[in-house]
Amino acid sequence: MKIKAYTMPNDLEEAYQLLQEEDAGIIAGGAWLKLLPKTLAPAIDLSGLKLDTINETEENYTIGSMVTLRQIETHGSLQTYMSGVLQEAISHIMGVPIRNIATIGGTVAGRYGFSDLLTPLLALKANLVFYKKGQMTLESFLKEPPKEKDILLEVIIKKEYGKANYTTVKKTANDFPILNVSVMKIGSHFRVAVGARPSVATLATKTMTYLNESKTLTEEVIEEAARIAVEEIKFGSNARGSKAYRAQLCKVLVERGIKEVAYENTN
Amino acid sequence: MKCVNHNTGSIDGKGLMLGRSAYTNDLADPNALTVKVLRSPHPHAKIRNIDIRKALLLEGVECVLTYKDFKRIPVTRAGQGYPEPSPHDKFVLDSVVRYVGDDVAIVAAETEAIASRALELIHVDYEILEPILDFEKAYENESIIHPEPEIHEMFPIGFEPQKNVAASYHMEIGSVDEILKHCDVTVSTSHYTQAQAHVMMEPHTANARLDFQDRLVIYSSTQTPFHARRIVSQALEIPMSRIRVIKPRIGGGFGGKQCLHGEFFVAAVTLKTKKPCKLVYTRKEVFESSYSRHPMRIDVTLGSTKDGKLKALDVKVLSDTGAYGEHALTVFMVAGAKTLPLYNKVEAVRFGGRVVYTNHTPGGAFRGYGAIQGNFAVESAVDQLCEKLGMDPIKFRQNNMIAEGETSPVFAKMGEGTEGTAMNMDSCKLDYCVNRGMELIGWKDKYPRKTISKTKVRSVGMCLAMQGSGIPYIDMGSAIIKLNDTGFYNLMVGATDIGQGSDTILAQIAAESLKTTIDKIIVYSSDSDLTPFDTGAYASSTTYVSGNAVKKAADQMLEMIVEEGAKALKVRPEDIHFDGDVLTVKETDTSMTLESLSNRLFYNEDQKQLVATHSYVGTKSPPPFMAGFAEVEVDLETGAFKVLDYVAVVDCGTTINPSLAKVQVEGGILQGLGMAMFEEVIYNKNGSLITNNLMNYRIPTRKEVTNIRVEFADSYEASGPYGAKSVGEIGIDTPPAVIANAIYNAIGVRINSLPITSEKVWAAIHSKEI
Amino acid sequence: MKIQIKVNGKIKTFEVEPDEYLVDTLRKHHYYSVKKGCDTSSCGVCTVLLDGKPIASCSYLSVKANGHAVTTVEAIEEEATYLAELFGKEGADQCGFCNPGLALTVYAMKKELANPTDEDIRDYLVGNLCRCSGYVSQHRAIKAYMEVRKL
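Protein chains in written order, with numbering that gives the first Met the number 0: chain A, 0 to 266; chain S, 0 to 769; chain G, 0 to 150.
Structural data, given as structure tokens:
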């Protein structure tokens with residue numbers, strides 16, 4: 000990655016206008032910049048736009064796009080929100096010196112397949128707020144990001160009450176996941192997200208529908224749900240694992256995830 | 000003993016923790032040019048044309064060197080004794096590139112950015128040649144990797160480049176085929192090991208400058224400064240007397256720095272430009288363009304009686320040395336030489352095979368040096384034989400393993416590239432190591448497995464290992480000790496501290512002999528102008544070989560002090576008692592402190608500098624021994640497994656510094672577990688390494704294995720300094736076989752290729768189910 | 000570009016390229032305690048404190064540090080000396096290349112975590128790799144440090 004010019008605007012509109020230049024790009028934390036094979040001219044640092052706070056209301060968490068991963072995992076109530084699922088996922092990312100740099104905005108905008116965080120964010124039905132485009136769901140953003148260049152301002156998580164978990168299999172603790180799964184239970188509703196397939200995280204919608212339509216949650220139902228997840232989700236092979244192994248991990252982690260959120264008391 | 004066998008902290012720990020300038024890159028001239036190397040994108044190609052004109056025109060570029068700038072002098076980069084047992088098959092730069100990452104051209108520029116830009120401006124026209132990317136297809140392949148007429152071996156090592164063979168060897172004691180015919184039970188196995196990367200934290204670094212005498216001074220992150228001086232002299236045709244190699248503090252080596260990497264390039268640039276320069280390998284270069292462990296296929300056949308007496312041992316190795324033959328023969332031979340003697344009661348033993356060239360990153364020295372590969376195959380096969388015999392693998396080993404006072408004919412037969420040296424095991428507490436390890440791991444309760452739940456099972460596995468202590472009659476260490484005014488000493492050694500703590504333990508040995516404390520011993524290692532010769536930090540030689548040299552020099556210094564003291568006090572030397580601080584005339588009150596004696600020798604009377612020097616070359620290589628044990632927990636659904644406990648009981652003679660010795664073993668074990676479990680090496684089909692950075696090549700973090708327990712057997716090796724043997728490598732040898740054996744005990748399937756990943760374990764369970 | 004960083008309490012002006020990383024700027028100006036090990040944010044040897052928080056200086060653009068405070072190990076000499084003593088007792092110092100970065104991370108951890116468990120310590124330090132020690136000796140020393148040097 001190369002940067003031809005660097006700028007840190009204090010005004011959103013100015014940042015937006017600059018971004019429209021052909022080679023312009025945004026720098027969030029900058030932790031993964033090196034992975035980008037392009038030249039930025041200019042590189043627009045959002046640090047001057049005061050997007051680095053987490054606001055909590057009765058209904059929502061509003062997380063500024065420049066909030067670091069470390070801020071989220073150490074935030075008083077977000078840390079424990081929904082069984083602490085975000086903290087759990089973030090704790091698997093590299094190490095503290097990187098989590099003090101990497102931001103939620105960078106994580107979302109990068110749409111990284113290897114992300115630990117996107118999987119539970121999807122299950123939490125996170126919403127994104129862009130400067131021009133306004134709101135869109137993380138789910139649709141991950142499926143197809145808007146073509147127009149825009150600035151991600153914040154990530155909104157609507158407060159719900161339930162139980163959640165995040166599980167992953169990795170080679171070593173600071174490696175990227177071979178696969179990861181986040182399962183949530185809100186009331187009697189389940190959500191299942193699967194990431195590092197190795198492509199970007201996705202919701203297992205058919206699995207969710209099947210679970211939500213099942214009257215009782217027997218071993219057989221859970222097994223069937225996991226089978227549906229394996230069937231509906233596309234897996235691939237890379238250096239971390241084969242397609243077949245990922246399918247197996249998906250089956251096991253989905254089963255275990257469902258059992259964990261279903262069979263214990265919800266808060 | 001006051002110093003030896005004590006946990007004095009490392010003499011350099013504080014300074015390094017505080018970040019004092021110490022490493023090669025810290026010590027480069029602040030105005031050094033940045034050197035970068037253009038690297039081959041092809042596994043095998045001929046340079047038809049190379050156009051450097053545009054790069055030379057770039058402002059800030061000082062020089063661009065290609066193969067046209069170098070005389071064709073074949074050398075080996077391997078830092079080994081001379082003549083080397085490695086083929087001379089490498090030119091500083093060549094018109095043929097032999098692996099992705101091979102050296103094409105050298106650029107020196109005022110800044111790193113300019114040097115990088117200049118690399119992009121060099122245009123190379125390649126003629127693609129057929130690569131060999133599968134080492135099992137290299138032998139007598141139509142494509143020949145080294146057809147150059149100039150290359151040669153230094154003495155017979157079975158070098159046949161026309162057949163892509165870098166080295167070969169065969170030996171047999173007794174008749175294996177005959178004995179096997181009469182064995183009740185036999186097993187034959189094949190095992191594969193991968194090209195593990197060293198991943199020392201400090202990348203390969205070198206810098207060069209011309210001093211005021213117009214001599215070439217090279218600072219290098221090397222384990223072998225004296226070999227580096229010799230090889231640079233040969234390759235660039237500079238008299239050795241015009242070169243000084245300084246080894247500053249090294250940020251880890253593990254064998255990876257027992258070879259020249261950037262030294263030629265910085266030397267050539269400084270000679271050409273007359274300016275100081277430096278080269279720091281990127282992590283990608285460390286992975287792709289230095290060298291890694293030789294991958295091997297190892298076929299083992301064992302034969303025994305039905306009551307478990309091992310009678311025949313047959314090991315056949317195919318080793319992949321990649322594009323160049325550094326350490327090709329010796330690593331391959333150690334795969335046999337440091338495993339076969341463990342079972343010394345066999346009636347016949349055979350070892351042989353060849354080392355082939357391929358178009359992969361070269362193989363080279365790496366802690367364990369073949370022993371870890373051989374150990375994985377032999378110690379896995381032993382468990383397989385026990386399975387067939389229905390015999391407890393520990394009982395089998397206890398019946399067949401080597402014991403104190405015994406020998407093996409293999410020692411006399413196999414050396415490292417030459418004939419070996421016969422020796423008896425004057426210290427061998429392997430029996431204790433096994434018994435104690437069994438106790439610590441809880442073998443009796445845990446073997447072979449315990450079911451924890453529907454999806455979890457726990458099991459144990461173990462194996463034996465041996466290494467050596469230097470290479471007899473080859474590895475030489477030497478030491479100089481000088482006395483200073485006020486009575487402290489300089490200890491100058493050629494031995495290279497690469498982070499293992501050898502400066503500290505050598506100071507402990509000197510302090511013990513001189514009856515003083517280690518703060519009075521100022522250690523300097525190593526500098527080809529200032530310190531005496533040492534072959535270097537490899538082959539587990541420093542404690543035993545260099546340690547013996549230090550002890551002898553220190554003993555000599557003690558005698559010199561007593562002699563001078565006797566002169567000063569006007570008595571005979573035998574009348575002097577010296578306690579390290581004070582020289583006393585026996586049975587009198589007459590005394591003199593060392594401080595006043597040394598001040599006297601410098602300033603007042605009988606003025607002279609006391610200097611003692613000694614050398615040591617081993618006449619044998621007493622092996623450290625170890626028994627390794629692990630308890631693992633396997634998730635039967637995902638194949639993921641954890642090492643719950645790793646137990647090592649080691650016989651390395653006296654531990655000069657028990658803490659440092661322990662950490663040598665602990666660190667070796669985790670590095671071995673990395674090879675056993677995590678460190679996958681993946682090439683794409685074009686011969687390009689995918690696992691060429693620390694995101695894709697995973698070494699253990701502090702979370703994977705948290706329970707490593709190391710104990711030492713009470714042992715004394717009379718030929719070692721204060722009873723010590725070496726301990727640098729033994730720790731790494733056991734994990735591959737221990738883990739393979741434990742996984743077999745858990746799931747009933749044997750995994751015979753490294754690393755044993757969760758996916759392989761799952762696939763093994765899965766294939767058993769269907 | 001011209002930037003100002005307060006390094007170890009002293010304001011310094013540096014001329015940097017827009018795509019220069021903090022580790023390179025610091026080393027260029029002879030802060031040699033900051034090491035460079037991997038280029039991919041994976042090893043932790045380049046760790047410095049930015050406004051008191053540990054960051055991987057190989058992954059942080061120098062321009063972003065403009066107006067901020069950077070601490071290298073030289074500024075925590077007393078703490079690092081104490082840690083070095085504990086490392087020495089355990090034989091954990093080894094090659095030393097990762098130690099300045101590790102010392103800074105341990106120091107930051109001590110300020111952040113009150114009574115960390117073994118697991119907490121390993122979690123916090125997981126990004127600081129060491130190839131020499133096998134970590135167990137380091138862990139013993141760091142645990143002792145956390146016990147004795149409570150703030």
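The beta carbon of each residue, even a glycine, is placed where N, CA and C say it ideally should be. Here the structure is a predicted model, which means the values were calculated and not measured.
_So Ala172 of chain A contacts chain S; which residues on that side make the cut at Cβ distance below 7 Å?_
As a working mapping, residue 172 of chain A is identified with position 173 in the first sequence. Within chain S, the residues near Ala172 of chain A are Thr700, Lys702, Glu703.
*Determine, using beta carbons only, whether Gly191 of chain A comes closer than 8 Å to chain S.*
Here residue 191 of chain A refers to the residue found at position 192 of the first sequence. One point to set straight first is that residue 191 of chain A is Val, not Gly, in the sequence displayed. Not an interface residue.
*asked:* Does Asp50 of chain S pass the burial test, meaning 16 or more other C-beta atoms within 10 Å, or should it be called exposed?
replied: If you number the second sequence from 1, residue 50 of chain S lands on position 51. So Asp50 of chain S ends up on the exposed side.
_3-residue-minimum beta strand (DSSP E) runs that sit fully inside the region 80-125 of chain S, ordered along the chain_ = Here the runs fully enclosed are 102-108.
*Using a Cβ-Cβ cut-off of less than 9 Å, give me the residues of the region 88-119 of chain S that come near chain G, in sequence order.*
Glu111, Ala112
_Runs of alpha helix (DSSP H) wholly within the region 514-577 of chain S (minimum 4 residues, chain order)_ = 546-568
*Does any C-beta atom of chain G lie closer than 8 Å to the C-beta of Gly109 of chain A?*
Looking up residue 109 of chain A in the first sequence gives position 110. Chain G contact via Cβ: absent.
_My output table needs one value for Lys67 of chain S: the three-state DSSP class, helix, strand or coil._
The residue labelled residue 67 of chain S in the question sits at position 68 within the second sequence. Three-state DSSP puts Lys67 of chain S in a helix.
_Asp122 of chain G in three-state terms, based on DSSP_ = Locating residue 122 of chain G in the third sequence gives position 123, counting from the first residue. Helix, per DSSP.
*Contacts around Leu600 of chain S, its chain only, beta-carbon distance under 7 Å, and the 5 residues preceding and following it disregarded*: Position 601 of the second sequence, counted from the start, is the residue given in the question as residue 600 of chain S. Cβ within range, chain order: Glu563, Gln606, Lys607, Leu609.
*Give every residue of the same chain whose Cβ lies closer than 6 Å to the Cβ of Cys42 of chain G, excluding the five residues on either side of it in the sequence, and list them in chain order.*
Taking the first residue of the third sequence as 1, we reach residue 42 of chain G at position 43. Once the five neighbours on either side are set aside, the close Cβ partners of Cys42 of chain G are Gly36, Leu128.
*The alpha helix (DSSP H) with Asp502 of chain S in it runs from where to where?*
In the second sequence, counting from the first residue as 1, residue 502 of chain S sits at position 503. It spans 501-512 - the alpha helix (DSSP H) in which Asp502 of chain S sits, taken as one unbroken run.
*asked:* What ranges does the alpha helix (DSSP H) occupy inside the region 377-459 of chain S, keeping only unbroken runs of at least 4 residues that lie completely in it?
replied: Qualifying alpha helix (DSSP H) stretches, in chain order: 392-399, 408-412, 429-440, 442-445.
*With respect to the beta strand (DSSP E) encompassing Ile54 of chain G, which residues constitute its N-terminal and C-terminal limits?*
The residue given as residue 54 of chain G occupies position 55 in the third sequence. Segment 52-55, the beta strand (DSSP E) holding Ile54 of chain G.
*asked:* For Asn264 of chain A, count the other beta carbons within 10 Å of its own beta carbon; 16 or more makes it buried, fewer makes it exposed. Which is it?
replied: The sequence position of residue 264 of chain A within the first sequence is 265, counting from 1. Note on Asn264 of chain A: pLDDT 49, under 50, position unreliable in the model; the coordinate value appears next. So Asn264 of chain A ends up on the exposed side.
_Along the chain, where does the beta strand (DSSP E) containing Ile185 of chain A start, and where does it finish?_
Locating residue 185 of chain A in the first sequence gives position 186, where the first residue counts as 1. Where Ile185 of chain A is concerned, the enclosing beta strand (DSSP E) stretches over 176-185.
*Would you mind listing the beta strand (DSSP E) stretches within the region 220-255 of chain A that are 3+ residues and don't spill past its ends, in chain order?*
none
*asked:* Using a Cβ-Cβ cutoff of less than 6 Å, which residues in the same chain neighbour Leu317 of chain S once the five nearest sequence positions on both sides are dropped?
replied: Looking up residue 317 of chain S in the second sequence gives position 318. So the list reads Arg296, Gly352, once near-sequence residues are dropped.
*asked:* Let me check you understand the geometry: is the CB of Arg19 of chain S closer than 7 Å to at least one non-hydrogen atom of the ligand ATP?
replied: In terms of ligand content, the structure shown is empty, and the ligand ATP therefore cannot be addressed.
*Looking at the structure shown, is Asn266 of chain A part of a helix, part of a strand, or coil, going by DSSP?*
Taking the first residue of the first sequence as 1, we reach residue 266 of chain A at position 267. At Asn266 of chain A the pLDDT is 38, less than 50, meaning the model places this residue with poor confidence; the figure from the coordinates comes in the next sentence. Coil at Asn266 of chain A, not helix or strand.
*Please confirm whether Arg226 of chain A and Lys258 of chain A have their CB atoms less than 8 Å apart.*
Translated into positions along the first sequence, residue 226 of chain A becomes position 227. Translated into positions along the first sequence, residue 258 of chain A becomes position 259. No, these two residues do not count as a Cβ contact at 8 Å.
*What separation, rounded to the nearest whole angstrom, lies between the Cα atoms of Val771 of chain S and Asn54 of chain A?*
For chain S, the structure presents residues 0 to 769; residue 771 of chain S sits outside this window and is missing.
*Output the distance between the C-alpha atoms of Glu12 of chain A and Val62 of chain G, rounded to the nearest integer angstrom.*
As a working note, residue 12 of chain A is residue 13 in the first sequence. As a working note, residue 62 of chain G is residue 63 in the third sequence. Each residue's Cα considered, the two are about 22 Å apart.
*Other residues of its chain near Lys1 of chain A: CB distance less than 6 Å, five sequence neighbours each side excluded*: Within the first sequence, numbered from 1, the residue matching residue 1 of chain A stands at position 2. Correct list, in chain order: Thr38.
_As assigned by DSSP and simplified to three states, the class of Thr269 of chain S_ = Counting from one through the second sequence, the residue named residue 269 of chain S turns up at place 270. In the structure shown, Thr269 of chain S sits in a helix (DSSP, three-state: H, G or I).
_Same chain, Cβ closer than 6 Å to Asn266 of chain A, five either side skipped, listed in chain order_ = Counted from its first residue, the first sequence places residue 266 of chain A at position 267. In this prediction, Asn266 of chain A scores a pLDDT of 38, lower than 50, which makes its location untrustworthy; the coordinate-derived value is nonetheless stated afterwards. Correct list: empty, nothing qualifies.
*Counting only runs that start and end within the region 48-84 of chain A, where is the alpha helix (DSSP H) found for 4 or more residues in a row?*
68-73
*Are Ala108 of chain S and Val355 of chain S closer than 8 Å when you measure CB to CB?*
For the purposes of this step, residue 108 of chain S is taken as residue 109 along the second sequence, with counting starting at 1. For the purposes of this step, residue 355 of chain S is taken as residue 356 along the second sequence, with counting starting at 1. In this structure, Val355 of chain S does not lie closer than 8 Å to Ala108 of chain S by Cβ.
_Within-8 Å CB hit, Leu32 of chain A to chain S_ = As a first step, residue 32 of chain A must be located in the first sequence, where it is residue number 33. Chain S contact via Cβ: absent.
*Output, in chain order, the set of chain A residues within a Cβ distance shorter than 9 Å of Leu167 of chain G.*
In this structure chain G extends from 0 to 150, so residue 167 of chain G is not present and cannot be described.
*In chain order, what residues of the same chain have a beta carbon less than 6 Å from the beta carbon of Phe264 of chain S, not counting five sequence neighbours either side?*
Taking the first residue of the second sequence as 1, we reach residue 264 of chain S at position 265. The answer, listed in chain order, is Val34, Ile105, Leu278.
*Are the C-beta of Ala55 of chain G and some C-beta of chain A separated by less than 8 Å?*
Residue mapping note: residue 55 of chain G aligns to position 56 of the third sequence, counting from 1. At a cut-off of 8 Å, the C-beta of Ala55 of chain G has a neighbouring C-beta in chain A.
_Pull the bridge partners of Ser187 of chain S from the DSSP assignment, please._
In the second sequence, the residue the question calls residue 187 of chain S occupies position 188. Answer by DSSP bridge pairing, in chain order: S:Thr300.
*Terminal residues of the continuous alpha helix (DSSP H) containing Arg47 of chain S?*
For the purposes of this step, residue 47 of chain S is identified with residue 48 of the second sequence, where counting begins at 1. Where Arg47 of chain S is concerned, there is no enclosing alpha helix (DSSP H), although the beta strand (DSSP E) around it starts and stops at 44-50.
_Looking only at its chain, what residues have a beta carbon closer than 7 Å to the beta carbon of Val377 of chain S, apart from the 5 residues adjacent to it on each side?_
Within the second sequence, numbered from 1, the residue matching residue 377 of chain S stands at position 378. Result list for Val377 of chain S: Val299, Val314, Thr338, in chain order.
*Taking the alpha carbon of Thr65 of chain S as the point to measure from, which residue in S:Pro42, S:Pro73, S:Glu83, S:Leu37 has its own alpha carbon closest?*
To locate residue 65 of chain S, count along the second sequence from 1; it is residue 66. Of the listed residues, the one whose Cα sits closest to Thr65 of chain S is S:Leu37.
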